[in-house]
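The sequence shown begins at 34 in the working numbering and counts up by one. Note that CB positions come from ideal geometry on N, CA and C, so glycine has one too. Here's the structure, in structure tokens; my notes come after.
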Amino acid sequence: MHHESFIHRCLELAALGRKRTGTNPLVGALLVRNGLLIAEAWHEEFGGSHAERLLLQNFEQEIRSTDTLYVNLEPCCHEEKKTLPCTSILLERGVKRVVVGMVDPNPKVAGQGIALLRSRGVQVVAPVERVPCERLNRGFVSLMTKARPWITLHNARTLDGRIANADGSPLKITSPQQDAWAHEHLRAMHDAILVGVGTIIADDPQLTVRLSNTKVDQINPLRIVLDPNLRLPLDTKIVTGKAARGTVIVCAESLDAAGHARKALLEERGVVVALLPLHSDGHFVWDALWEYFRMPLQGFHGIASVLVEGGPGVWQAFRGAGMVDEEVTLVGSPTMSH
Ligand code: AOF
Ligand code: ZN
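Put into structure tokens, the structure is as follows:
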């Protein structure tokens with residue numbers, strides 16, 4: 034049996050749902066008969082059918098007792114959902130063998146899906162390739178276990194540790210190759226990119242996925258700007274033109290009258306301006322922020338992963354709050370020609 038390679042195929046399928054499943058997990062499922070793949074499906078979007086249900090709905094033939102269903106996440110068994118639990122359709126259709134990548138961290142499932150199937154005579158092998166399964170669904174796992182998205186810090190420095198010129202002006206640190214890598218492996222892999230307003234004022238970045246040569250997601254991450262006093266200039270790239278529709282500016286709920294006027298101007302362009310509580314130390318109340326980003330917003334059904342791109346004040350705030358799951362530093366040699 035090649036359980037591992039079939040689970041890896043589930044993960045490839047599951048990844049097709051990236052940026053479409055919101056706060057739901059990325060799930061792929063397949064059916065194997067006599068060692069051959071005969072059907073596959075994935076959870077395509079938030080609110081759509083779960084992967085294993087979709088697979089069985091589209092596969093009209095009778096299931097044989099020797100067929101094996103593979104799925105990277107434990108089938109759900111909880112009743113109070115939008116749809117019937119997947120364990121029901123597996124049992125109804127007579128699936129007798131199931132291979133599962135990882136236990137569902139959702140406390141409403143948490144092993145009970147597997148236990149139910151076993152109690153009904155289904156042979157369940159689990160977990161298989163748990164580590165890559167948890168890695169793919171790190172956003173969903175984080176939402177379920179920490180009530181916040183997975184957070185990656187992304188920064189760049191020179192070999193000698195500089196992040197800006199001596200006068201504070203921006204310094205182009207990374208090479209075009211490093212930029213393309215970051216677009217493909219960091220920006221395209223996260224639901225949202227977050228920066229402080231200082232980074233927008235200094236660099237006027239676009240915060241989109243565009244430099245990669247290889248096939249990447251067509252959906253750009255949501256752009257989030259932390260801007261307590263709403264200082265954001267109206268002529269920056271992230272709020273002009275089409276980009277505005279994918280941008281959320283987070284500012285303090287205690288905004289003054291001038292701030293409210295700017296907020297109205299931004300909203301006219303399609304930007305969402307979120308008013309959220311601030312602590313006395315000037316940082317946002319993180320729980321309130323993460324709660325806000327669980328909601329449907331600008332085409333996303335909640336945010337499961339965030340790439341924090343800068344600048345130093347924002348990095349420090351995230352480190353200080355213990356909210357860094359992964360940190361990627363690109364080391365560049367800006368004195369060399371690229
Ligand atoms: C998915 N897609 O393929 C699987 C999921 O809100 P609902 O009714 O869609 O249920 C979501 C829960 O179902 C989710 O938290 C997870 O525990 C379980 N499995 N969810 O969105 C899927 N298999
Ligand atoms: Zn399900």
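I need the straight-line Cα distance from residue i to residue j, nearest angstrom please.
| i | j | result |
| --- | --- | --- |
| G279 | R243 | 15 Å |
| F39 | L63 | 8 Å |
| G343 | L240 | 11 Å |
| R220 | P254 | 7 Å |
| I282 | E45 | 33 Å |
| V357 | T99 | 45 Å |
| G154 | P58 | 27 Å |
| N105 | M135 | 6 Å |
| H83 | T191 | 46 Å |
| L322 | F92 | 42 Å |
| V230 | I257 | 10 Å |
| A290 | G346 | 26 Å |
| P138 | Q331 | 27 Å |
| Y103 | V364 | 41 Å |
| D200 | D237 | 18 Å |
| L311 | D320 | 11 Å |
| C43 | R66 | 16 Å |
| H41 | E162 | 8 Å |
| M369 | A213 | Summary for M369: the model assigns pLDDT 47, below 50, so the residue's position carries little reliability, and this model does not support an answer. |
| S287 | R295 | 14 Å |
| Y325 | A297 | 20 Å |
| E301 | H293 | 12 Å |
| L124 | H218 | 39 Å |
| A276 | Q210 | 24 Å |
| H371 | I252 | In this prediction, H371 has a pLDDT of 42, which is less than 50 and means its spatial position is unreliable; nothing more can be read from the coordinates. |
| L259 | L299 | 15 Å |
| G194 | I206 | 11 Å |
| P261 | L267 | 16 Å |
| P108 | R327 | 23 Å |
Between residue i and residue j, which are expected to be in contact by the criterion C-beta below 8 Å, what is the C-beta distance as a whole number of angstroms?
| i | j | result |
| --- | --- | --- |
| A197 | L186 | With a Cβ gap of about 17 Å, A197 and L186 do not count as contacting. |
| W75 | G50 | 6 Å |
| D224 | S152 | At roughly 36 Å, the Cβ-Cβ gap does not stay under 8 Å, so D224 and S152 are not in contact. |
Taking residue i as the reference, which of the options has the closest Cα?
| i | options | result |
| --- | --- | --- |
| E112 | G81, T207 and S121 | S121 |
| M177 | V304, I336, L340 and W348 | I336 |
| I147 | P140, N139 and V133 | V133 |
| A72 | T191, H216 and I96 | I96 |
| D314 | V305, A285 and F326 | A285 |
| L150 | R168, P138, R130 and R163 | R130 |
| E360 | A189, L265, S175 and L69 | A189 |
| A215 | H293, T362, A235 and A354 | T362 |
| G172 | R53, A297, P367 and P345 | R53 |
| R181 | I271, Q349 and L340 | L340 |
| F351 | L263, Q145 and L227 | L227 |
| G80 | H334, G355, G353 and L309 | H334 |
| I271 | I233, L288 and A307 | I233 |
| A47 | H36, G274, R168 and I184 | R168 |
| L263 | H223, L309 and A276 | L309 |
| S208 | P367, E37 and H41 | P367 |
| A140 | G68, L265 and C110 | Checking the sequence, you will find Pro at residue 140 rather than Ala. If we check each option's Cα against that of P140, C110 comes out closest. |
| S202 | F326, V318, I184 and A235 | A235 |
| V304 | H316, T269, R327 and F317 | T269 |
| A354 | G274, K179 and I206 | K179 |
| L89 | R195, G61 and G68 | G61 |
May I ask you to report which of helix, strand or coil DSSP gives residue i?
| i | result |
| --- | --- |
| H371 | Because the pLDDT of H371 is 42, which lies under 50, any placement of that residue in the model is unreliable, and the question is left without a value. |
| T191 | strand |
| L44 | helix |
| T185 | strand |
| S278 | Per the sequence shown, the amino acid found at residue 278 is Arg instead of Ser. In this structure, R278 counts as helix in the three-state DSSP scheme. |
| P58 | coil |
| L273 | For the record, residue 273 in the displayed sequence is Thr; it is not Leu. Residue state, collapsed to three classes: coil. |
| L299 | helix |
| N217 | For the record, residue 217 in the displayed sequence is Glu; it is not Asn. The answer is helix: DSSP assigns E217 an H, G or I state. |
| G292 | helix |
| F173 | helix |
| A2 | The requested residue 2 is not part of the displayed model; the chain covers only 34 to 371. |
| R4 | Because residue 4 is not part of the residues shown, which for the chain are 34 to 371, the question remains open. |
| A307 | strand |
| E73 | strand |
| A285 | strand |
| I257 | strand |
| F39 | helix |
| V318 | coil |
| V230 | helix |
| R51 | coil |
Taking only runs of the alpha helix (DSSP H) that begin and end inside the region 91 to 169, which ones reach a length of at least 4 residues, in chain order?
119 to 125, 145 to 152 and 163 to 169
Please specify which runs of the alpha helix (DSSP H), each continuous and at least 4 residues long, are wholly inside the region 322 to 368, giving them in chain order.
345 to 353
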